[in-house]
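J.:
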């Protein structure tokens with residue numbers, strides 16, 4: 272094994288680990304979207320209160336946008352919601368979604384809120400320790 276081969280292998284490893292980190296966080300994003308949608312369907316627009324219906328509509332839109340932005344990132348969207356394309360911005364957005372999910376006193380929305388908060392904290396930790404950007 273030559274020195275160049277060893278350097279090539281050492282240089283290739285960070286790219287692989289970065290790719291794995293990106294894929295892991297994309298899975299986390301999809302999990303947040305799915306859990307949020309499940310909360311909406313569990314709430315079933317209960318009580319037909321105006322605020323509950325509006326919050327559920329926002330949660331549906333946010334869930335769809337999370338999936339769309341993970342699959343396809345339009346340039347116009349990056350211009351208008353630039354905060355979502357940074358690690359800290361996405362973490363704050365997920366914290367906001369977690370707060371919207373929490374209000375019902377049911378078990379699953381509480382679980383969903385905790386999961387969403389954990390994903391948000393993971394984004395912050397990845398940004399701090401790995402300099403990870405979305």
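Residue numbers (my numbering): 272 to 405. Every residue, glycine too, gets a C-beta built ideally from N, C-alpha and C. Quick caveat, the model's predicted, so the values are computed rather than measured.
Nearest by alpha-carbon distance to residue 399: which of 358, 331, 327 is it?
T.: With distances taken between Cα atoms, residue 399 lies closest to 358.
J.: To the nearest angstrom, how far is it from the Cα of residue 322 to the Cα of residue 301?
T.: For residue 322 and residue 301, the distance between alpha carbons rounds to 26 Å.
J.: Determine the DSSP secondary structure at residue 396, reduced to helix, strand or coil.
T.: Helix, per DSSP.
J.: Would you kindly check if the distance between the Cβ of residue 338 and the Cβ of residue 304 is under 8 Å?
T.: For residue 304 and residue 338, yes; Cβs fall inside 8 Å.
J.: Hey, would you say residue 333 sits closer than 8 Å to residue 355, going by beta carbons?
T.: Contact flag unset, no.
J.: Residue range of the alpha helix (DSSP H) that residue 336 falls in?
T.: Unbroken alpha helix (DSSP H) run through residue 336: 321-342.
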